[in-house]
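One structure is given here, and the rest of the page talks about it.
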Amino acid sequence: MIDIWEKTLDWKPSLEQQELFQCLYKLIVQGNRQLNLTRITDPEDFWEKHLWDSLRGIKFLISGEGIDTKKVKIIDLGTGAGFPGIPVAIVVKNSTVNLVDSTKKKLIL
Numbered sequence: 050m051i052d053i054w055e056k057t058l059d060w061k062p063s064l065e066q067q068e069l070f071q072c073l074y075k076l077i078v079q080g081n082r083q084l085n086l087t088r089i090t091d092p093e094d095f096w097e098k099h100l101w102d103s104l105r106g107i108k109f110l111i112s113g114e115g116i117d118t119k120k121v122k123i124i125d126l127g128t129g130a131g132f133p134g135i136p137v138a139i140v141v142k143n144s145t146v147n148l149v150d151s152t153k154k155k156l157i158l
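The opening position of the sequence shown corresponds to residue 50 in our numbering, with each subsequent residue numbered one higher.
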């Protein structure tokens, strides 16, 4: 998937970001055992359908095209399992990302 990300987003995740994405994957799979967070649990599908999908909408923030990325405030309404908010928070440095969902049991306070 990293090759596709380079071609489509003009960006590739750092080693640290890759490790955080992998940690997120493990947490989602673990959480999915107790609560139906997502049907997408295959590792390859996870990287494409959760991570890449989450990031393609913010390509302008990743590349810094025409926006001051020193302090970005982002809100993810209806975050569910944390997408796109958590991947965005991993990628967009110096950002504040608020995740909001109507289903209280999906949120860890």
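Ideal placement from N, C-alpha and C gives every residue a C-beta, glycine not left out.
As the structure is a computational prediction, the values presented were derived from the model and not from experiment.
For residue i: DSSP bridge partner residues
{"i": "V146", "result": "I123"}
As assigned by DSSP and simplified to three states, the class of residue i
{"i": "P136", "result": "helix"}
{"i": "Q66", "result": "helix"}
{"i": "D59", "result": "coil"}
{"i": "R82", "result": "coil"}
{"i": "I111", "result": "helix"}
{"i": "D91", "result": "coil"}
{"i": "L158", "result": "For L158, the predicted structure reports a pLDDT of 45, less than 50, and the residue's modelled location is therefore unreliable. The matter cannot be settled from this model."}
{"i": "S151", "result": "coil"}
Neighbourhood of residue i by C-beta, 6 Å cutoff - its chain only, sequence neighbours within 5 removed
{"i": "A138", "result": "V146"}
{"i": "K122", "result": "T145"}
{"i": "V78", "result": "T90"}
{"i": "I51", "result": "K61"}
Cut-off 8 Å between Cβ atoms - residues of its own chain near residue i, not counting five sequence neighbours on either side
{"i": "L158", "result": "Note that L158 scores a pLDDT of 45, beneath 50, so its modelled location is shaky and nothing firm can be said."}
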